[in-house]
Structure formats: structure tokens, C-alpha cells
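Down below is the structure, laid out as C-alpha cells.
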Amino acid sequence: MKNLITILFVGLISFAANAQDKVAKIEFKETTIDYGVIEKGADGVRVFEFTNTGDAPLIITDVKSSCGCTVPKKPEGPIAPGKTGEISVKYDTNRVNPIRKTITVLSNANTPTVALKIKGEVIDPSKTSVLEKKSSSVMNQ
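Numbering-wise, the sequence shown is residues -19 to -1, 1 to 122 according to mature numbering (1 follows the signal peptide of the UniProt record, and there is no 0).
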């Protein structure tokens, strides 16, 4: 009986040691998305694509934005090794200004925290700058 318990115990320990060698790895196609110059009210949804290049399921536990104007959405379930997933980001394009935001991804990967960035500029085409309004100077009239 003692031998059986010892064999089971050693087997359990070796199984646990092998399981710890497997780790998820997250690799993004790109870590920065450039919106470029977009108009107010335009579609603000962009997608970060990634692949689990590890040998264990990848679980994204949380995705946070640096501002309330940017809403990220994480995948619901685990991503199997070799499979791809998406993190969609929706920026509120009703805010006319430059875009410089960070999205933080937390997971069980070998690099547990990854920072993604979005950048660009939202313009309002109905508003022109003071310099553009003047077609001729006062001196020319």
C-alpha cells in the first residue's frame, strides 16, 4: 500500500512539474494603430489582432483604457495555442482633438501586461481655422 501511495505521489509531482512548463504567449500583429486624420462622428472602431504562440491556453483577464473616451472589448473565452483573437477598441469620435490613448491588456501570458496604443486626430470639417477663412489680406484690398 505504501508503494502505491509513493508511486501516485511521485507521478502527481512529475505531472505538476510538466504542466508548469507550458505557458501562453501573446503576439500582436501591431501594438499601435494610427487612425490618421478622421472626421468628427466617423467610425471609431479598430481591431488589434493577436496570436497565442505559446503551448498553453491564453486567458485575457482584463483590458483597460487610459480614458473613458476609449472602450476596449476583450475576447470572452480562452485562446488555444496557435489560434488568433481580437481586441476591439472604440474611440468616441465626437471629441475633436488629437488621439493619444493607451490600452492595457492583462493575461496569463509569459508577458502578463501589454500596452497597446491608438493615435490620430479627429477634425470637424464644418469648422475652419482663422487662417483658412481669410482669402486675402487687408493690405490687398
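Even for Gly, the Cβ is constructed at its ideal location relative to N, Cα and C. Quick caveat: nothing in here was measured; it's all calculated off a predicted structure.
Contact annotation: the stretch 42 to 58 does not touch the stretch 8 to 21, with fewer than three C-beta pairs closer than 8 angstroms.
When the beta-carbon positions are compared, P56 and N33 stay at least 8 angstroms from each other. With a threshold of 16 other beta carbon atoms within 10 Å, V28 falls short and is exposed. Within the model, the alpha-carbon separation for K98 versus D2 is close to 31 angstroms. Shown here, D105 sits in coil according to DSSP, grouped into three states, outside any helix or strand. Unbroken beta strand (DSSP E) stretches of 3 residues or longer found wholly inside the stretch 29 to 107: 41 to 46, 51 to 54, 65 to 72, 79 to 88, 94 to 104, given in chain order. Taking 8 angstroms as the upper bound for CB-CB distance, G25 and T74 are in contact here, some 4 angstroms apart.
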